Each structure stands twice: as C-alpha cells, then as structure tokens.
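A short write-up of the structure that comes next.
Number of protein chains: 2
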Amino acid sequence: MALDEGLLFASDSRTNAGVDHVSTFSKMAVFETPGERAIVLLNSGNLATTQAVVSTLRQALHSERPNLMSAATMFDVATLVGDAVRQVIHHHSSSQLAQSGVDFSCNFLVGGQIAGDAPRLFLVYAEGNFIESSPDTPYFQIGESKYGKPIIDRVIRPSTPVDEAIKCALVSFDSTIKSNLSVGLPIDLAFVRRNECRVGLRHRIEPEDAYFGSIRRAWGQGLRKVFNELPDPEWLGAGREQGGRP
Amino acid sequence: MALDEGLLFASDSRTNAGVDHVSTFSKMAVFETPGERAIVLLNSGNLATTQAVVSTLRQALHSERPNLMSAATMFDVATLVGDAVRQVIHHHSSSQLAQSGVDFSCNFLVGGQIAGDAPRLFLVYAEGNFIESSPDTPYFQIGESKYGKPIIDRVIRPSTPVDEAIKCALVSFDSTIKSNLSVGLPIDLAFVRRNECRVGLRHRIEPEDAYFGSIRRAWGQGLRKVFNELPDPEWLGAGREQGGRP
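Chains as they are written, first to last, in the working numbering: chain A, 442 to 687; chain B, 442 to 687.
Below is the structure:
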C-alpha cells in the first residue's frame with residue numbers, strides 16, 4: 442500500500458505444491474541501508490522461481506554489476522527485479538522439465554525509497570515488465586487476491602493512516618485465510634515511513650498472536666452485528682404470503 | 442443455498458465478451474409445476490453454451506424423451522442438465538471455431554424439489570458430472586465467486602433463516618460488484634420453500650432498487666464502524682519510536 446505516511450507491506454507465508462505439500466516460507470525480502478535506502482520485495486507464484494530471483498538479486502550485491510543497493514532510483518530497482526524474473530523464468534522454462542506443464546511464473550511487489558527519490562511501489566509481472574501505483578490505485582495485491590480485495594477497496598486511500606492500513610491488511614488476510622487453504626500465517630508486516638529510507642517497523646504475526654486473534658474476533662463479531670442490523674426486505678413478506686405462510 | 446427452510450437462488454445479470462462487449466442477460470431459468478415440482482437453474486460461463494443448454498432442456502419438454510418436467514428425482518434432473526451441458530460443449534468444441542481458443546465451458550447450479558423427494562442442490566461441471574450440497578457445505582457458488590465468498594462462509598449454515606440468507610447473498614454480490622466489473626445488476630432472487638414444490642418468491646433487484654441501496658449503505662457504513670473500532674496494534678508504537686516519531 443502506497444500511503445501518504447509511507448509504504449506498507451504485508452505477506453503471508455503459506456506455499457503449496459498441491460494440498461499434500463504445504464510449507465511455510467516468508468515471501469518478504471528486505472534490502473536496506475538505513476537512512477539511504479529501504480527496499481522491500483514481496484512475491485507470489487512458483488517458489489523455486491521466487492527464491493531464485495531473490496538469490497540472484499542478493500548475489501548481485503557483491504558484484505560490480507548494477508544491483509539493488511547501487512541502483513539510483515526505484516524505477517531502476519524495479520527494472521533489475523523484472524530482469525531477474527525474466528532471466529530465471531527463461532532459464533527454468535528452457536529446460537526439459539518445462540515439458541511437465543509446471544507453471545514457473547511469479548509476481549513481485551517492489552517498493553521502497555532511495556534518498557532523493559520519492560517512495561514508489563511497483564508490481565512486476567512474470568514477463569519482467571511492471572506497473573506503478575498511483576493515488577487512484579494506491580495498492581497492489583499479488584497471489585490469491587480476490588477474497589481479500591473488497592475490504593481493501595473500501596478502506597485504503599493514500600490518506601489512510603498506517604495503523605488503519607495495518608488493520609485493513611490483517612482483516613483482508615483474515616478473510617482470505619478463512620476461505621482459502623493456500624494462504625496462511627505467519628503474516629509478515631513491514632513499514633517504510635516516508636522520507637526515512639529505513640524499515641521503521643517490521644513485525645511477524647504468528648498463529649498464536651494475541652493481537653491478530655483480537656482483530657479476528659472483533660471483526661467477526663462486528664460483521665455479524667452489522668449483518669443482523671441490516672434492514673429486512675419488505676417483499677419477503679409477500680413471498681411468504683405467496684408461499685402460504687403467514 | 443440449501444437451507445432448512447428451503448432453497449435460495451441468486452444470480453447477477455452481467456455477461457461480457459471482453460470489457461468492450463458487456464450485456465445484461467438473466468442467468469436464472471425456472472421450470473415449475475406449482476405444487477408438484479419447482480426447479481431452478483443458474484448458470485455461469487460461456488453465454489452461447491448456457492443459452493443452448495437451457496434451450497435444449499426447454500425443447501425437450503415437448504418431446505417423449507426424459508425431460509425436466511418428467512424426471513422422477515432431482516438426481517435425474519441434474520443428470521439431464523449435465524448431459525445437455527456435455528452435448529452442447531461437445532457440439533461447439535468439435536466445430537472449426539474451436540480452433541479460435543474460445544472457452545466454451547460453463548457451470549450450472551441445479552436445485553429444486555419434486556413432490557415425494559427432498560429439496561436438493563447440485564453443482565454441474567462443464568464435463569457434465571456434478572456434486573451435491575450437504576449440511577457441511579450448504580451452498581455453492583459459480584462464476585466470479587471469490588470476492589463474495591468470505592461473508593457467505595461466515596454466515597450461511599443450514600439453519601440460517603431465509604431473510605438472513607437473502608441479505609447475505611446481497612452483501613456478497615455487493616462486495617463482488619464493488620471489486621469486479623464482470624458482475625452487475627440486476628440480481629435475480631428465487632426461493633423454493635421446503636415441501637411447497639413451488640417458487641414462493643421471485644424478485645428482481647434493479648440498479649435503482651431502494652432496498653438494495655439501503656443494504657449497501659448500511660453494510661458499507663457498518664463495516665467502516667466495525668473497522669474503526671478494531672483495537673490498535675500495540676507494537677505500532679514501537680515502530681513509530683524506531684521511526685523517530687513520538
């Protein structure tokens with residue numbers, strides 16, 4: 442989420458290769474020189490691909506080649522991530538294994554701030570190209586995004602305060618976790634406050650997290666309460682009469 | 442939704458062949474001899490396929506062949522729908538047009554009650570096979586189902602009263618309509634009360650519907666209220682301190 446206050450990132454940790462092969466891997470990677478640059482990557486899709494992309498980007502840090510710690514702008518950072526994605530997928534797809542029908546694709550969210558540049562947020566596609574958030578669309582989702590999208594659509598604007606945005610992200614994950622096995626705890630959160638160029642907050646929500654538990658309870662009970670208070674349809678009475686019931 | 446009170450059906454009316462070709466078609470078809478049988482079909486997927494399936498089933502009513510009005514059980518009804526689906530898709534796929542990469546597939550929800558049988562609800566796949574609802578999973582969705590699933594998962598049980606189930610269906614559609622262009626008003630509702638074997642309620646919600654408007658407003662405002670009352674994360678203060686803000 443690209444907020445006026447800064448960039449908020451949230452990712453779950455569930456990966457699966459079929460329902461009988463479910464594991465926990467963080468989908469968040471941080472590249473940071475506090476005060477100079479803070480870059481956060483979130484990923485979805487094929488785990489081998491996303492791990493290879495992050496490893497490729499980390500290895501490049503120790504080289505003379507352009508890398509995430511030397512890039513001059515966030516646009517250049519997104520380009521580097523896109524290039525790495527394209528390179529890894531090309532490498533994997535060109536092997537004989539590609540015949541097996543495996544989907545090697547992935548998506549990345551790339552956001553952060555480099556001193557002198559504004560905070561920026563990008564969504565990188567499996568093809569290596571990318572789009573950038575804007576005040577009209579201040580957030581991106583990747584992966585299993587539909588279940589949790591309505592609440593984000595309702596709440597998130599650039600002016601949304603970060604504490605509200607965090608609650609929105611948690612409620613969104615709660616909805617997704619309730620309806621889909623492929624998303625699960627822990628949830629990783631990171632916040633890069635505008636113009637600080639550092640990860641000011643990094644927090645992991647474990648399955649037994651008391652705060653997340655209280656959010657889930659309050660949200661579930663609150664929804665039920667709002668739901669119970671919704672007005673009744675007048676025409677239902679007519680239906681009941683038609684149906685022969687008083 | 443297969444409720445203790447009876448079967449509730451809801452469908453939107455948006456169809457599209459790309460975002461520049463959006464139209465309104467009801468996705469609900471009713472076959473009824475009041476008091477003897479009431480059968481409701483909802484569909485999703487390729488419009489040419491679903492229209493052909495419904496036309497095939499209607500044409501068969503005037504023949505000696507087994508049809509929806511002569512079938513002895515709802516299982517037989519679901520079998521007839523599945524056979525029609527399979528036949529239509531096979532017919533379309535075997536033509537040269539199938540080379541164009543068009544997706545001819547569709548899904549049907551088939552529910553109702555025939556006197557002497559219980560109310561039953563089936564989900565028919567494009568392959569013509571089908572599954573039946575149960576007390577553990579008392580509802581099915583087809584089409585663009587993910588956005589609106591969380592609220593149904595939270596609310597719908599077999600014991601849910603029909604007025605509550607109607608509100609849940611409308612709230613679910615509201616979430617989907619907010620987040621996805623491919624779903625839109627009007628919404629068709631039908632209710633087959635248990636052991637009445639007739640469509641006791643049939644109601645269409647048009648875009649200017651005042652009741653749906655009041656539900657949308659009450660739900661949106663209620664959500665915001667519940668959201669605003671969620672507890673704040675304690676660890677956010679720590680993040681703020683780290684970030685150098687009081």
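Ideal Cβ placement from N, Cα and C applies to all residues, glycine included.
Being a predicted model, the structure only gives us computed values, none of them experimental.
**Request:** Using three-state DSSP, classify A:G689 as helix, strand or coil.
**Result:** What the structure shows of chain A is the stretch from 442 to 687, and residue 689 of chain A is not part of that stretch, so it cannot be assessed.
**Message:** If we define contact as Cβ-Cβ less than 8 Å, is B:P672 a contact residue for chain A?
**Reply:** yes
**Prompt:** Would a C-beta distance cut-off of 8 Å place A:G447 and A:F614 closer than the cut-off?
**Reply:** no
**Request:** Please work out which residues of its chain come closer than 6 Å, Cβ to Cβ, to A:P687, disregarding the five sequence neighbours upstream and downstream, and give them in chain order.
**Result:** Its pLDDT being 37, under 50, A:P687 is placed unreliably in this model, and the coordinates cannot settle the point.
**Request:** In angstroms with no decimal places, state the Cα-to-Cα distance between A:S620 and A:V481.
**Result:** 27 Å
**Asked** For A:M515, which three-state DSSP category applies?
**Response** helix
**Message:** At the level of alpha carbons, what is the spacing between A:I607 and A:A519?
**Reply:** 24 Å
**Prompt:** Taking the alpha carbon of B:V471 as the point to measure from, which residue in B:P591, B:V551, B:L622 has its own alpha carbon closest?
**Reply:** B:V551
**Asked** Between the stretch 554-563 of chain A and the stretch 585-602 of chain A, do at least 3 Cβ pairs fall closer than 8 Å?
**Response** no
**Message:** So, does the stretch 522-541 of chain B touch the stretch 662-681 of chain A, judging by three or more C-beta pairs under 8 Å?
**Reply:** no
**Asked** How would you label A:V463, buried or exposed, when you count the other beta carbons within 10 angstroms and need 16 or more for buried?
**Response** exposed
**Asked** So, do the stretch 449-460 of chain B and the stretch 624-631 of chain B have three or more beta carbon pairs nearer to each other than 8 Å?
**Response** yes
**Prompt:** Just how far apart, CA to CA, sit B:N669 and A:L562?
**Reply:** 26 Å
**Prompt:** Taking DSSP as the reference, what is the three-state secondary structure of B:D524?
**Reply:** helix
**Prompt:** Any residues in the stretch 648-663 of chain B with a beta carbon nearer than 8 Å to a beta carbon of chain A? Which ones, in chain order?
**Reply:** Y652, S655, I656, A659, W660, G661, G663
**Message:** Quick test of your reading: B:P579 and B:L444, contact by CB under 8 Å. State the CB separation rounded to the nearest angstrom.
**Reply:** 7 Å
**Request:** Kindly list, in the order they appear in chain B, the residues whose Cβ is closer than 9 Å to that of A:I628.
**Result:** Ordered by position in chain B, no residue passes the 9 Å Cβ test against A:I628, which lies about 12 Å from the chain.
**Request:** Report the three-state DSSP secondary structure of A:N669 (helix, strand or coil).
**Result:** helix
**Item:** Cross-chain neighbours of A:K468 in chain B, by beta carbon under 7 Å
**Value:** Neighbours of A:K468 on chain B: none; closest Cβ ~20 Å, over 7 Å.
**Asked** Could you give the distance in angstroms between the alpha-carbon of B:G486 and the alpha-carbon of A:L502?
**Response** 48 Å
**Request:** Please name the residues in the stretch 587-599 of chain B whose beta-carbon is closer than 7 Å to at least one beta-carbon of chain A, in chain order.
**Result:** K587, Y588, K590, P591, D594, R595, V596
**Start and end residues, alpha helix (DSSP H) containing B:E605** = 603-620
**Request:** Please confirm if A:D445 has its CB atom under 8 Å from at least one CB of chain B.
**Result:** no
**Request:** Report the neighbours of A:S616 on chain B: residues whose CB is nearer than 8 Å to its CB, in chain order.
**Result:** P591
**Prompt:** Rounded to the nearest angstrom, how far is the Cβ of A:V565 from that of A:G523, given a contact under 8 Å?
**Reply:** 5 Å
**Asked** Does B:D604 have its Cβ less than 8 Å from a Cβ in chain A?
**Response** yes
**Prompt:** Three-state secondary structure (DSSP) at B:S452?
**Reply:** strand
**Message:** Using the Cβ count rule (16 or more neighbours within 10 Å means buried), how would you classify A:I593?
**Reply:** buried
**Residue-level contact to chain A via CB, B:V460, 8 Å cutoff** = no
**Request:** Assign B:D673 to one of two classes, buried (16 or more other C-beta atoms within 10 Å of its C-beta) or exposed (fewer than that).
**Result:** exposed
**Asked** If you measure from the beta carbon of B:F668 to each beta carbon in chain A, is any gap under 8 Å?
**Response** yes
**Asked** DSSP three-state call for A:T465: helix, strand or coil?
**Response** strand
**Item:** Min CB distance A:S620 to chain B below 8 Å
**Value:** yes
**Prompt:** Is A:F549 near A:L630, with beta carbons less than 8 Å apart?
**Reply:** no
**Item:** Neighbour flag for B:I607 against chain A, beta carbons, 8 Å
**Value:** yes
**Prompt:** What did DSSP end up calling A:D629 once you bin it into helix, strand or coil?
**Reply:** strand
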